[in-house]
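Engineer: Got a structure for you, written out below as structure tokens; questions coming shortly.
2 protein chains.
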Amino acid sequence: MSFGRHIREARERLNAEDRAFSLRQVALRVGIEPAYLSKIERDVFQPPSEDVIVKLAAELKEDEDILLAMAGKLSTELQNVILQRPKLFGELLRQLKSAPDHAILRIAREIRDGDW
Amino acid sequence: MSFGRHIREARERLNAEDRAFSLRQVALRVGIEPAYLSKIERDVFQPPSEDVIVKLAAELKEDEDILLAMAGKLSTELQNVILQRPKLFGELLRQLKSAPDHAILRIAREIRDGDW
DNA sequence: TAGAGTGTGTAGTACTTAATACACATCATG
DNA sequence: CATGATGTGTATTAAGTACTACACACTCTA
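As structure tokens, this is what we get:
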């Protein structure tokens with residue numbers, strides 16, 4: 029699904045319960061023009077900047093990483109993690125490119141449990 | 029070290045052995061204006077686009093990922109790996125953010141040896 | 001010592017990104 | 001039925017990105 033359609037659906041779900049989630053009010057809280065949000069939601073414009081996406085995610089209770097990914101963007105936070113050690117993470121990511129989800133999850137869990 | 033200085037030093041090392049690595053000739057082979065490369069090497073201009081950096085890396089026998097990182101860029105190839113599964117890789121990268129190098133290397137090796 | 005090759009200065013430009021401003025028609029509600 | 005709120009169309013723009021074009025001065029060497 030497109031970024032815009034996803035946002036619109038998320039907002040409309042919230043708006044059904046709470047009138048504070050009209051396009052105009054959300055735009056106001058996020059700090060952008062209503063007309064701009066309108067075009068984003070209809071995919072007339074490209075997805076907005078990282079900043080705006082992050083605010084939208086918070087406002088609409090959506091996952092930031094996923095929203096950014098739908099916009100074809102990677103958070104500068106995660107980019108910087110890699111850019112600190114490009115060789116190391118480059119290798120790792122290429123290894124993991126075609127690994128099954130469960131393998132990646134397992135690794136994340138192992139590391140969280142700190143067994144190295 | 030800055031991107032520009034690094035490029036200049038790499039090129040000058042090669043140029044000492046082989047006159048085919050003058051600024052002009054490298055620029056020609058990479059497909060950019062010599063004046064442009066001159067400014068890049070002196071950090072008068074920002075680092076060039078991903079495309080140009082990749083060609084420079086090949087030309088100067090430098091590591092692409094590292095050169096891109098020095099330019100503050102992450103290859104679209106690696107970005108896409110993450111964007112395919114943003115939630116999964118997001119979690120993993122945040123776990124690995126402060127992991128020691130050897131731990132990351134170990135994981136990469138384990139995966140290469142396919143033990144899942 | 002002429003000519004080829006070298007690096008660099010000044011100036012300008014095409015394209016993309018990320019939006020704003022304002023008017024307009026429709027809807028709903030008190 | 002007037003008023004406030006809603007979503008949208010048209011037009012425009014400020015700033016950044018990624019360069020090119022061309023002229024110039026210097027150096028090396030055949």
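Chains A and B, in that order, give the protein sequences. Residues 29 to 144, numbered by this note's numbering, are exactly what the first sequence covers, in order. Residues 29 to 144, numbered by this note's numbering, are exactly what the second sequence covers, in order. Ideal Cβ positions, reconstructed from N, Cα and C, are used throughout, including at glycine. Bear in mind that the values here come from a model prediction, so they are computed numbers and not experimental data.
Between the segment 60-68 of chain A and the segment 99-110 of chain A, do three or more beta carbon pairs fall short of 8 Å?
Structural biologist: Verdict: no, contact absent.
Engineer: Check arginine 41 (chain A) in the structure and name its three-state DSSP category.
Structural biologist: Helix.
Engineer: Output the boundary residues of the alpha helix (DSSP H) element that contains glycine 118 (chain B).
Structural biologist: It spans 114-124 - the alpha helix (DSSP H) in which glycine 118 (chain B) sits, taken as one unbroken run.
Engineer: Applying a beta-carbon distance threshold of less than 8 Å, which residues of chain A neighbour valine 109 (chain B)?
Structural biologist: Simply Leu121, Arg122, Leu124 and Lys125.
Engineer: So what does DSSP say about isoleucine 60 (chain B), is it helix, strand or coil?
Structural biologist: Three-state DSSP puts isoleucine 60 (chain B) in coil, outside helix and strand.
Engineer: Would leucine 88 (chain B) count as contacting chain A if we go by Cβ distances under 7 Å?
Structural biologist: With 7 Å as the cut-off, leucine 88 (chain B) does not count as an interface residue toward chain A.
Engineer: For glutamate 87 (chain B), which of B:Val58, B:Gly118, B:Lys115 and B:Glu40 has the nearest alpha-carbon?
Structural biologist: The option with the nearest alpha carbon to glutamate 87 (chain B) is B:Val58.
Engineer: Taking the alpha carbon of proline 76 (chain A) as the point to measure from, which residue in A:Glu40, A:Leu96, A:Ala136 and A:Met29 has its own alpha carbon closest?
Structural biologist: Ranking A:Glu40, A:Leu96, A:Ala136 and A:Met29 by Cα distance to proline 76 (chain A) puts A:Leu96 first.
Engineer: Less than 7 Å between CB atoms is the rule here; does alanine 63 (chain B) satisfy it with respect to chain A?
Structural biologist: Chain A contact via Cβ: absent.
Engineer: Would you please verify whether the beta carbon of arginine 33 (chain B) is less than 7 Å from any beta carbon of chain A?
Structural biologist: So, not an interface residue.
Engineer: Using the Cβ count rule (16 or more neighbours within 10 Å means buried), how would you classify glycine 142 (chain B)?
Structural biologist: With fewer than 16 other Cβ atoms within 10 Å, it is exposed.
Engineer: Can you grab the Cα-Cα spacing for the pair lysine 115 (chain B) / phenylalanine 49 (chain B), in whole Å?
Structural biologist: Each residue's Cα considered, the two are about 44 Å apart.
Engineer: Can you tell me where the alpha helix (DSSP H) with lysine 83 (chain A) in it begins and where it stops?
Structural biologist: 78-87 is the span of the alpha helix (DSSP H), which, as asked, contains lysine 83 (chain A).
Engineer: CB-CB under 7 Å to asparagine 43 (chain B), same chain, minus the five flanking residues each way: which ones, in chain order?
Structural biologist: Once the five neighbours on either side are set aside, the close Cβ partners of asparagine 43 (chain B) are Phe49 and Ser50.
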